[in-house]
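Following: one structure in structure tokens, then a few remarks.
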Amino acid sequence: MSQRTKIKALLQLEETGFEVTVKGWVRTFRNNQFIALNDGSTNNNLQIVVALDSLDEDTLKRITTGAAISVTGEVVPSLGKGQKVEVKAKTLQILGDCDPTTYPIQPKKHSLEFLRDNAHLRFRTNTFGAVFRVRNTLAFAVHKFFNERGFVYLHTPVITASDAEGAGEMFRVTTLDAVKPPLNDEGHVDFKQDFFGKATNLTVSGQLEGELGAMALSDIYTFGPTFRAENSNTTRHLAEFWMIEPEMAFCDLTENMDTAEALLKYVIAYALEHNAEDIEFLTQRLLEEEKQKPQQDRSELNLLEKLQFCLGNDFVRLTYTEAIDILKDSSHNKKKKFQYLIEGWGTDLQSEHERYLVEKHFKKPVILTDYPKEIKAFYMRQNEDGKTVRAMDILFPGIGEIVGGSQREERLDKLEQRMNEMGIPTEELWWYLDTRRFGACEHAGFGLGFERLVLFVTGMGNIRDVIPFPRAPKTAEF
Ligand code: 4AD
Ligand code: MG
Numbered sequence: 279m280s281q282r283t284k285i286k287a288l289l290q291l292e293e294t295g296f297e298v299t300v301k302g303w304v305r306t307f308r309n310n311q312f313i314a315l316n317d318g319s320t321n322n323n324l325q326i327v328v329a330l331d332s333l334d335e336d337t338l339k340r341i342t343t344g345a346a347i348s349v350t351g352e353v354v355p356s357l358g359k360g361q362k363v364e365v366k367a368k369t370l371q372i373l374g375d376c377d378p379t380t381y382p383i384q385p386k387k388h389s390l391e392f393l394r395d396n397a398h399l400r401f402r403t404n405t406f407g408a409v410f411r412v413r414n415t416l417a418f419a420v421h422k423f424f425n426e427r428g429f430v431y432l433h434t435p436v437i438t439a440s441d442a443e444g445a446g447e448m449f450r451v452t453t454l455d456a457v458k459p460p461l462n463d464e465g466h467v468d469f470k471q472d473f474f475g476k477a478t479n480l481t482v483s484g485q486l487e488g489e490l491g492a493m494a495l496s497d498i499y500t501f502g503p504t505f506r507a508e509n510s511n512t513t514r515h516l517a518e519f520w521m522i523e524p525e526m527a528f529c530d531l532t533e534n535m536d537t538a539e540a541l542l543k544y545v546i547a548y549a550l551e552h553n554a555e556d557i558e559f560l561t562q563r564l565l566e567e568e569k570q571k572p573q574q575d576r577s578e579l580n581l582l583e584k585l586q587f588c589l590g591n592d593f594v595r596l597t598y599t600e601a602i603d604i605l606k607d608s609s610h611n612k613k614k615k616f617q618y619l620i621e622g623w624g625t626d627l628q629s630e631h632e633r634y635l636v637e638k639h640f641k642k643p644v645i646l647t648d649y650p651k652e653i654k655a656f657y658m659r660q661n662e663d664g665k666t667v668r669a670m671d672i673l674f675p676g677i678g679e680i681v682g683g684s685q686r687e688e689r690l691d692k693l694e695q696r697m698n699e700m701g702i703p704t705e706e707l708w709w710y711l712d713t714r715r716f717g718a719c720e721h722a723g724f725g726l727g728f729e730r731l732v733l734f735v736t737g738m739g740n741i742r743d744v745i746p747f748p749r750a751p752k753t754a755e756f
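Numbering-wise, my numbering comes out as the position in the sequence shown, counting from 1, plus 278.
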């Protein structure tokens with residue numbers, strides 16, 4: 279075998295008596311003899327045994343933590359604990375030196391904050407290796423789920439001229455001079471002179487374009503980066519995150535919820551099956567971390583149990599109105615334990631309320647439907663009561679909202695009326711309204727925040743630790 283073999287494949291083989299070439303980065307080098315080599319294909323290191331006098335002094339000194347090396351040698355049964363096979367080095371080549379006095383990633387436990395500051399190197403730790411392999415598997419599983427169901431993957435634009443959520447949280451895209459932009463007769467910035475001839479921004483959602491696709495292709499989904507200029511410095515918000523947005527024609531709110539629940543269960547099951555080792559590692563990591571917390575703050579279920587529990591149970595479905603009643607009457611509310619007390623119908627739920635419903639009251643994932651129209655976007659289908667819309671949010675333990683979706687308002691007059699009430703410019707969205715003019719039909723869709731999904735499946739506590747290079751307020755390094 280002259281080609282390089284990946285460590286994961288080699289360890290799975292468990293065969294001995296043949297020659298391999300492996301390449302990777304040194305994790306540790308003990309007794310001038312035992313190298314723990316990692317190539318990122320698995321968290322398990324391959325043990326390389328260096329015959330004591332086979333290497334010159336200079337090469338031995340250059341086998342340091344972080345160095346890139348290539349080793350050719352025989353695969354032999356291992357006498358040591360922890361591995362079945364190891365490689366007896368015949369030749370060893372240093373590919374890239376790593377100065378141990380300046381290399382930040384030492385063979386010891388680093389805090390997640392420290393690793394965030396060294397995000398360019400954090401892939402080389404066990405925790406981040408596991409997180410990003412799980413993230414990859416989840417992304418693949420999302421595509422597999424939709425592909426098996428005949429959905430078309432539709433690429434919606436990153437640069438748009440509209441605000442799909444109507445919330446005004448957009449990053450402007452412009453080629454105009456930032457210091458001295460051209461002004462029009464009224465003294466405002468003259469976007470007619472801008473690259474696109476109008477004001478544009480990074481997309482907050484591909485939904486509106488997704489709906490156009492669904493009105494011909496029936497079932498579509500998007501999966502791409504999404505941008506929100508909300509100044510939320512939380513463990514659940516990013517300024518740049520990835521969102522999965524399916525949109526389905528001839529589909530009502532119930533079928534929409536069914537699809538979302540099936541998707542979540544499918545991708546979690548897929549990760550459990552294909553990343554068993556990584557999830558086991560992350561489960562142990564979380565157990566260790568929780569040991570630092572007081573007993574009452576520790577989770578009842580460990581990560582693996584939590585994922586299995588999610589697969590084995592139907593999500594609880596109830597209306598916003600029913601949820602408000604539960605929250606209002608809860609002892610938590612009466613004892614004033616919520617930071618924001620529930621006074622009555624109509625207010626938006628805070629994440630403390632969402633987590634109370636999921637973690638304390640139902641102890642299961644929850645789908646809330648039929649929210650007050652005032653707290654939801656303009657495109658949601660209005661209910662007959664005149665007060666609520668056919669919205670649905672899926673709430674997960676430890677996360678809060680993981681999915682937001684709705685049945686869409688397909689009736690032109692109702693949609694225009696709502697847009698006018700909410701100050702959404704109907705002229706600019708003429709193309710969106712055209713779908714209501716030409717062959718409109720019942721349709722629905724939702725958005726799944728990909729990083730919130732990765733948070734849930736990896737058991738990490740901060741969303742900045744499940745995206746390779748987080749973008750958040752005052753955070754755009756790397
Ligand atoms: O609830 P949202 O804002 O819904 C939409 O954007 C709709 N257009 C979706 C649709 O119906 N097609 O966002 C959907 C999901 C949230 O439930 C959350 O998981 C995630 O996107 N999300 C964020 N994730 C990370 N950081 C942020 N700032 C996020 N904002 C929303
Ligand atoms: Mg939402």
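Every residue gets a Cβ at the ideal spot worked out from N, C-alpha and C, and that includes glycine.
Supposed contact pair residue j and residue i - C-beta distance, whole angstroms, cut 8 Å
| i | j | result |
| --- | --- | --- |
| L219 | P382 | Outside the modelled stretch of the chain, which goes from 279 to 756, sits residue 219, for which no answer is possible. |
| I546 | V412 | Not quite, the Cβ-Cβ distance comes to about 10 Å (not below 8 Å), so this is no contact. |
| L315 | R308 | Actually they are not in contact, since the Cβ atoms of L315 and R308 sit about 12 Å apart, beyond 8 Å. |
| K641 | V667 | At roughly 28 Å, the Cβ-Cβ gap does not stay under 8 Å, so K641 and V667 are not in contact. |
| S629 | G682 | With 8 Å as the limit, S629 and G682 do not qualify as a contact, their Cβ atoms being about 13 Å apart. |
| L289 | N321 | 11 Å between Cβ atoms; not a contact. |
Where residue i falls, given that 16 or more other Cβ within 10 Å makes a residue buried
| i | result |
| --- | --- |
| D441 | buried |
| M279 | Unreliable placement is indicated for M279, whose pLDDT of 45 sits below 50; no coordinate value is reported for it. |
| T283 | buried |
| Q685 | buried |
| A445 | exposed |
| R715 | exposed |
| Q760 | Limits of the chain in this structure are 279 at one end and 756 at the other, which puts residue 760 out of reach. |
| T537 | buried |
| L330 | exposed |
| A527 | buried |
| E583 | exposed |
| K692 | exposed |
| V457 | exposed |
| Y657 | buried |
| H631 | buried |
| N462 | exposed |
| H721 | buried |
| G590 | exposed |
| I672 | buried |
| M700 | exposed |
Coil, strand or helix - residue i by DSSP
| i | result |
| --- | --- |
| T405 | helix |
| E292 | coil |
| M670 | strand |
| M448 | coil |
| E352 | strand |
| M279 | Because the pLDDT of M279 is 45, which lies under 50, any placement of that residue in the model is unreliable, and the number read from its coordinates should be weighed accordingly. If DSSP states are grouped into helix, strand and coil, M279 belongs with coil. |
| Y710 | helix |
| A442 | coil |
| H721 | strand |
| T753 | strand |
| R689 | coil |
| M700 | helix |
| V328 | coil |
| E297 | strand |
Any non-hydrogen atom of the ligand 4AD within 7 Å of residue i CB
| i | result |
| --- | --- |
| V681 | yes |
| A442 | yes |
| E508 | yes |
| F519 | yes |
| Y730 | At residue 730 the sequence reads Arg, which differs from the Tyr that was named. Result yes, Cβ under 7 Å from the ligand 4AD. |
| G727 | yes |
| S629 | no |
| I745 | no |
| L516 | yes |
| S348 | no |
| G723 | yes |
| I259 | Outside the displayed span of the chain (279 to 756) sits residue 259, for which this structure offers no information. |
| E566 | no |
| E364 | no |
| E523 | yes |
| Q485 | yes |
| S389 | no |
| S684 | yes |
Closer than 8 Å to chain C by CB, residue i
| i | result |
| --- | --- |
| T369 | Looking for chain C here will not work: only one protein chain is present. |
Cβ-heavy atom distance, residue i to the ligand MG, below 7 Å
| i | result |
| --- | --- |
| D760 | Any property of residue 760 remains undetermined from this structure, which presents the chain solely from 279 to 756. |
3-residue-minimum beta strand (DSSP E) runs that sit fully inside the segment 465-499, ordered along the chain: Within the segment 465-499, the complete beta strand (DSSP E) runs of at least 3 residues are 478-480.
Alpha helix (DSSP H) runs wholly inside the segment 525-585, at least 4 long, in chain order: For the segment 525-585, the full-length alpha helix (DSSP H) segments reaching 4 residues or more read 531-552 and 554-568 along the chain.
Length-filtered (3 minimum) beta strand (DSSP E) runs lying within the segment 600-677: Within the segment 600-677, the complete beta strand (DSSP E) runs of at least 3 residues are 644-650 and 666-674.
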